[in-house]
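Peer 1:
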Amino acid sequence: MLNRPLPLTFEDRTGQITNSDFDDMYDRMFFHVARQPGRTTTKIYKMNIRASRHRSTQPIGREAIVHLDFGADESLGTVSFFKAPFQGSIPMSRYLKKIAFFGTSLSRKFMASDGREYKWGYRMYAGQEWSCTTMDNFLVAHYDLKPPNVRTYDVTGNNLVIYEPYAHIVAEILTSFLIMRHIAQFNL
106 MLNRPLPLTF EDRTGQITNS DFDDMYDRMF FHVARQPGRT TTKIYKMNIR ASRHRSTQPI
166 GREAIVHLDF GADESLGTVS FFKAPFQGSI PMSRYLKKIA FFGTSLSRKF MASDGREYKW
226 GYRMYAGQEW SCTTMDNFLV AHYDLKPPNV RTYDVTGNNL VIYEPYAHIV AEILTSFLIM
286 RHIAQFNL
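For the sequence shown, the working numbering begins at 106 and goes up steadily by one.
Structure representation (structure tokens):
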């Protein structure tokens, strides 16, 4: 029997890139993603409790840890981090760079606060809609869609799985993942 820590398995509550909750199924971490109607800024909040109907009716009594500021036409804008270890703003096109000059927009890399580069790819591996790996192709995270024959209740059935050795950069993985999905949705 292997004795490994469980990966962080975030249930994606709505499947939307501008309004969802990512709650670890073992109640270790919780994130809320929100965009006010008519605005172009998506905010990521680290929450203390799991999403619920009650929590959703309460005002968010905290500051966002990340702002994703997109252009009025949903073009890539600026990503701003407000929590250590990385604080500051950077253009999204510099934060998430294409891997190859003539390559697809759905394969990009980013430098995390731990000083290492990671890359996202769309449908790189069977059963994974999105995959994040190290530059040496070790799996860091993946986003899986619900199998069509599985019933779900109050959630989409989609999961973002982040392996424990990379738990220290969860906010950066979630941020880069949301930008990648935005790029795919708006064909950027």
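Note that CB positions come from ideal geometry on N, CA and C, so glycine has one too.
Quick caveat, the model's predicted, so the values are computed rather than measured.
How would you label Ala205, buried or exposed, when you count the other beta carbons within 10 angstroms and need 16 or more for buried?
Peer 2: So Ala205 ends up on the exposed side.
Peer 1: According to DSSP, is Thr57 part of a helix, a strand, or is it coil?
Peer 2: A question about residue 57 goes unanswered here, because the residues of the chain that appear run from 106 up to 293.
Peer 1: Less than 7 Å between the beta carbons of Val184 and Ile170, yes or no?
Peer 2: No, they are not a contact pair.
Peer 1: In angstroms, rounded to a whole number, what distance separates the CA positions of Ile149 and Pro253?
Peer 2: Approximately 29 Å, taken between the alpha carbons.
Peer 1: If you scan the stretch 122-209 from start to end, which runs of the beta strand (DSSP E) of 3 or more residues do you find wholly inside it?
Peer 2: The qualifying runs are 125-129, 135-139, 146-152, 171-174, 183-188, 191-196.
Peer 1: Measure from the alpha carbon of Lys151 to the alpha carbon of each residue in Ile274, Val245, Cys237, Lys224, then state which is nearest.
Peer 2: Checking every option, the nearest Cα to that of Lys151 belongs to Ile274.
Peer 1: Please report how far the alpha carbon of His287 lies from the alpha carbon of Asn108, in whole angstroms.
Peer 2: Approximately 37 Å between the Cα atoms of the pair.
Peer 1: Please classify Phe207: is it buried, with 16 or more other beta-carbons within 10 angstroms of its beta-carbon, or exposed?
Peer 2: The residue is exposed, with fewer than 16 neighbouring Cβ atoms inside 10 Å.
Peer 1: Would you call Tyr200 buried or exposed, if buried means 16 or more other Cβ atoms sit within 10 Å of its Cβ?
Peer 2: Buried is the call here.
Peer 1: Would you identify the three-state DSSP class for Leu279, choosing helix, strand or coil?
Peer 2: Leu279 falls in the helix class under three-state DSSP.
Peer 1: Could you give the uninterrupted runs of the beta strand (DSSP E) lying entirely in the stretch 210-267, keeping only those of 3 residues or more?
Peer 2: Counting whole runs of 3 or more residues, the stretch 210-267 contains the beta strand (DSSP E) stretches 212-216, 222-227, 235-239, 244-249, 263-267.
Peer 1: Using only the alpha-carbon positions, how far apart do Asn263 and Ala276 sit?
Peer 2: Computed Cα separation, rounded: 18 Å.
Peer 1: May I have the straight-line CA-CA distance separating Thr209 from Ser198, to the nearest angstrom?
Peer 2: Each residue's alpha carbon lies about 14 Å from the other.
Peer 1: Would you check if the distance between the CB atom of Gly182 and the CB atom of Phe175 is smaller than 7 Å?
Peer 2: The answer is yes: Cβ separation under 7 Å.
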